[in-house]
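Trainee: In my numbering, the protein residues as written are 195 to 375. Beta carbons: idealized from backbone N, C-alpha and C, even for Gly. Quick one: the structure is below, questions incoming.
The following block contains the structure:
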């Protein structure tokens, strides 16, 4: 019925009126029923509002203290690596790096022709399957299994060794990737 933020606003108003945590919990409980915030949550918010908190929104909490490691004095960090997971690519993370002048470089979206594990494997697997019409799913599965088993492992390794060429072409074209050129 009411969102958490609306219920927190309600609690904030009740705190301003001088009500206790129990009294603050009763009002949303009557209006919201089962979707009301639990008493412990209400008590925590009452304590925060009585301590001077003004904002009813959730706060972004950075937990860097627990995961940081000490570096030797006067050492230089060249890069920090992380993936494109939503929490890592969030604006709060970019804002955290701003004071140091660090730039966040995002990974390109997944592309099978640039993936080291699929670069030469998939085309070699398709070679033996071209031009064949399959009638049932088990036939397809059996043919794919046979194709995978016959791939020469050194041939697949050669494909991985050829990876720098398309990457260099991509860098040379300033990231413009055009199929077939």
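Out of 241, 315, 217 and 243, which one is the CA nearest neighbour of residue 343?
Mentor: 315
Trainee: Grab the span of the alpha helix (DSSP H) containing residue 315 for me, first residue to last.
Mentor: 315-321
Trainee: Just how far apart, CA to CA, sit residue 225 and residue 235?
Mentor: 17 Å
Trainee: Tell me the rounded alpha-carbon separation between residue 368 and residue 296.
Mentor: Rounded to the nearest angstrom, the two C-alpha atoms are 21 Å apart.
Trainee: Along the alpha helix (DSSP H) that carries residue 344, what are the first and last residues, could you check?
Mentor: First-last of the alpha helix (DSSP H) with residue 344: 331-344.
Trainee: Can you grab the Cα-Cα spacing for the pair residue 228 / residue 242, in whole Å?
Mentor: Each residue's Cα considered, the two are about 23 Å apart.
Trainee: I'd like the list of long-range same chain contacts for residue 223, defined as Cβ closer than 8 Å, with 5 residues on each side in sequence excluded.
Mentor: Contacts found: 230.
Trainee: Report yes if the CB atom of residue 250 is closer than 8 Å to the CB atom of residue 199, and no otherwise.
Mentor: yes
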